[in-house]
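Residue 108 in the numbering used here sits at position 95 of the sequence shown; the count goes up by one each step and never skips.
In what follows, a structure is listed as structure tokens, so that the remarks can point back to it.
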Amino acid sequence: MTEGLTDAERSRADELDAHARAGRVLPLVFDAPRRGKPPRHWADLAPAERKPAAVEAGLPGFRASQFDTHYYAQASTDPTSWTDLPAALREQAKVTFFPDLLTEVRVQTADEGTTVKTLWRLHDGNLVESVLMEYGVPGKRSSGSGRHRATLCISSQAGCGMACPFCATGQGGLQRNLSTAEIVEQVVAAMQRVRLNNIVFMGMGEPMANYNAIMGAIRRMTDDLGLSARGITVSTVGLVPRIEQLATEGLPLTLAVSLHAPDDELRDTLVPINTRHKVGEVVDAAHHYFTTTGRRVSIEYALIRDVNDQAWRSDALADLLTKNGRGAGWVHVNPIPLNPTPGSKWTASRRHDEQEFVRRLNARGIAATIRDTRGQEIDGACGQLAAKER
Ligand code: SAH
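Shown next, in the form of structure tokens:
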């Protein structure tokens, strides 16, 4: 019965029907519930807002640059230890600008201590995780070879509304968007441990569904924390209008698109947003991102045994990426063996199917390298972040 519905309601109802037909139980959720906005934090403020905010709190303007030095240059998050502030002001600064947004609940390590997953509790009890991965640590074989590098995988939402059936976070639904400061705080906490080279928005959440907050956080990372935009990767299911918007920001960020299937029929079920933005549209937008920014785009592809790992699908992926005279130079494919989530009917591809999948792409001139899976035994690998203790 769809009589008496507005156009918007009818289109929503149609969409839910399409989901049900595809055998899914979870609807796509774009708008996070508005509840539980976290308290304002210094890291929410753009540079031009800081002095006025200090003055408004009754402080001389120069305190703003002191706060910046402690927080951004020294990654110090607790004003009560800032001895160059008068004692009374330390407490006031904490209450007004540096409330505790993230409380460490648990830290787990793997790969000889070079993978560290932290579970954080937010002010309203929601949980998120971030994962720090170090590479090329002398004496730690599981960290790999080469020069020392550190990548932090961060969350952009508590939960996720994109409902991908193979992803643990996607199966838990969306709790809420993170604020800019809640995202920045994950980065600052990791900087207290190690110098970071790369940030990837590949933790919990769909970053493009929380666009303003992630852009704020990215500006803090590049302008205040001194990280290179080239080292920051925004990973998305393929929200086409947001990919277009990202291309206009004037920042050489890396875009990663979670493709997982080259054909609409399969992608409709693996990445439900595909029912709105078809795979061809998503790849066009990704290619447009390359032509406007000059940044090579990463394509993520979780290899699922006998589901999306057939030789013909590798060929179809090569066709899709190179068609319309695009060539192969604009893109890098990152297949990753599926990390099965608890109770999943799917499993990772066989080794030889994985290799054949990559070989066929390479034969077409497409760069493709299997992504390693760090931290599997601590549920810290891609798609496993579910904050189980919720
Ligand atoms: N929402 C964003 C970013 C978070 S997930 C996105 O979807 O891109 C980061 C990557 O991990 C995505 O490519 C996602 O599809 C992938 N992923 C999710 N679950 C996975 C699993 N069980 N095994 C392997 N990769 C998975």
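Backbone N, C-alpha and C fix where the C-beta goes; we use that ideal spot for every residue, glycine too.
In this structure, the ligand SAH has no non-hydrogen atom nearer than 7 angstroms to the beta-carbon of His136. Our two residues, Ala100 and Val201, have alpha carbons roughly 24 angstroms apart in a direct line.
According to the DSSP assignment, Arg255 belongs to no beta strand (DSSP E) but to the alpha helix (DSSP H) extending over 253-259. Ile231: not part of any beta strand (DSSP E); member of the alpha helix (DSSP H) spanning 224-232, first to last residue. Contact fails between the region 124-133 and the region 84-103, because fewer than three Cβ pairs, one in each stretch, are under 8 angstroms apart. Not one heavy atom of the ligand SAH falls within 7 angstroms of the beta-carbon of His83. Restricting attention to Gly49, Gln397, Leu374, the CA atom closest to the CA of Gly138 is found in Gly49. If you ignore the 5 residues before and after Arg280, its C-beta comes within less than 6 angstroms of the C-beta of Ala274, Asn287, Val292, all in its own chain and listed in chain order. The C-alpha of Gly216 lies about 13 angstroms from the C-alpha of Gly388.
Lys64 sits in a helix when the DSSP states are folded into three classes.
Listed in chain order, the alpha helix (DSSP H) runs fully inside the region 287-374 are 292-306, 324-335, counting runs of at least 4 residues.
Bridge partners of Glu117 according to DSSP: Trp133. The way I'd put it, the region 344-354 does touch the region 174-181; three or more beta-carbon pairs between them come closer than 8 angstroms.
Take the alpha-carbon of Asn347 and the one of Gly71: they are about 51 angstroms apart.
If you compare the alpha carbons of Asn190, Ala163, Met175, Gly244 with that of Met204, the shortest gap goes to Ala163. Secondary structure at Phe214: strand, using DSSP grouped into helix, strand and coil.
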